[in-house]
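In my numbering, the protein residues as written are 73 to 234.
Ideal placement from N, C-alpha and C gives every residue a C-beta, glycine not left out.
Encoded as structure tokens, the structure appears first; notes follow it.
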Amino acid sequence: MARSRYEYETSPRKLEPDVRRKRKIKVVEDLPKQNVKTSKAQQKRQIKSILIVFGIFVLLLTISYRKSQINEKFNQVQTLKKELSSLQKENEQLKVNIENNLNLSVIKKQAKEKLGMQELTNKQTVYVTLPKKDFVEPATEEIIEKKEKNWFQKLVDKIFNK
């Protein structure tokens, strides 16, 4: 009688061991390596392929390194450009401030407010008379500069002035 999938009992059914799955596992011992001889042509091909793979690796590594260097320099250029633009803006602002401060009315206003200065009155004006004599004295002595000669020049002078 075939069992149906539905069980009426509340206890679970017992599993029957599967005979097909029981197999003994054989332990395989490591076999000694056999010396396989390769021909010289095969060895050359293997070496050539290894060198090609190594060369490609070195080439890709070089390209990657160079790209990283280019990227680093590009970032430096960008930061320097940003710094330059900010300095140019600051320079323009300073030029505008200088031009505004060169106005005579602004100078008078700052002198009165910040420094407490006042305009001159006629009583404060003092006139000074100076003689028309020139105060610059001409040189009366001639200045002679002596340069000291180094040892080589002294030796040359001794040889040729004998």
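Self-check item: Own chain partners of Glu214 with C-beta closer than 6 Å, once the 5 adjacent residues on each side are dropped
Solution: none
Exercise. Using only the heavy atoms of the ligand ATP, determine whether one of them is closer than 8 Å to the beta carbon of Lys139.
Key: With respect to the ligand ATP, the structure shown offers nothing to examine, as it has no ligands at all.
Self-check item: Pair within 9 Å by beta-carbon distance, Asn173 and Gln182
Solution: yes
Quiz item: Nearest-angstrom Cα distance between Leu123 and Asn147?
Solution: Leu123 and Asn147 have their C-alpha atoms spaced approximately 36 Å apart.
Quiz item: Where Lys112 and Phe129 are concerned, what is the direct C-alpha to C-alpha distance, given to the nearest angstrom?
Solution: 25 Å
Quiz item: If you draw a straight line from the alpha carbon of Glu144 to that of Lys154, how long is it in whole angstroms?
Solution: 16 Å
Practice problem: Could you tell me the boundaries of the alpha helix (DSSP H) in which Tyr137 lies? | Solution: Lys112 to Asn173
Quiz item: Who are the Cβ neighbours of Asn233 in its own chain at under 7 Å, not counting the five residues just before and after it?
Solution: Excluding residues within five positions, none has a Cβ falling inside 7 Å.
Practice problem: Pull up the distance between the alpha-carbon of Asp229 and that of Trp223, whole angstroms please. | Solution: 10 Å
Quiz item: What are the boundary residues of the alpha helix (DSSP H) that includes Lys226?
Solution: Trp223 to Phe232
Self-check item: For Lys184 and Ser177, the rounded distance between their alpha carbons
Solution: 11 Å
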